[in-house]
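Undergrad: Following the working numbering, the numbering of the sequence shown begins with 1 at its first residue and continues without gaps.
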Amino acid sequence: MKPGCFYLIIMPVSAIILFFTGCPMTVGECTYGKIPDQTGKVIITSIEKVYSNNRLNYRIKVDGFFKREFIYSSDDFLKKFSSKGYSAGSELEGIISTGGPCPPMYRIAD
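(1) Determine the extent of the alpha helix (DSSP H) in which residue 82 is found, giving its start and end residues.
(2) Check whether the segment 42-58 and the segment 77-97 touch, using three or more Cβ-Cβ pairs below 8 Å as the test.
(3) Could you check which residue in 108, 109 and 101 has the C-alpha nearest to that of residue 32?
(4) What is the DSSP secondary structure of residue 101, reduced to helix, strand or coil?
(5) Name the one or two DSSP bridge partners that residue 70 has.
(6) So for residue 46, helix, strand or coil by DSSP?
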């Protein structure tokens, strides 16, 4: 066999084998819940009223374990914050859920 013939034959054969067998593992599968969540303390730095789609919402800015902004509807804000007495300067538990190839999810514990 001529030296270049081997590569001309092996490349199409390997492409056909990979096509019919598929990828050996799934690509892009999120792993939320498979790795334990990380928890830490966050402090509410500000609470702002914002209107979107003619509805009253609240923007909660937190800093500490992570720095993020969360938008809550007025009903959710009353349930999760006002009814429990949380305001600017309050300390809450923050949760980071890692998702493997997917971006992490940042949450405030209820």
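C-beta: ideal position from N, C-alpha, C; glycine also.
TA: According to the data block:
(1) Along the sequence shown, one-based indexing puts residue 82 at 82. No alpha helix (DSSP H) contains residue 82, which DSSP labels as neither H nor E.
(2) yes
(3) Sequence index remark: in the sequence shown, residue 32 carries index 32 (1-based). Out of 108, 109 and 101, 101 has the C-alpha closest to the C-alpha of residue 32.
(4) Numbered from 1 along the sequence shown, position 101 holds the residue referred to as residue 101. Here residue 101 sits in coil by DSSP.
(5) What you label residue 70 is simply residue 70 of the sequence shown in a count that begins at 1. DSSP output for residue 70 lists 60 as bridge partner(s).
(6) Mapped onto the sequence shown, residue 46 falls at position 46. Strand at residue 46.
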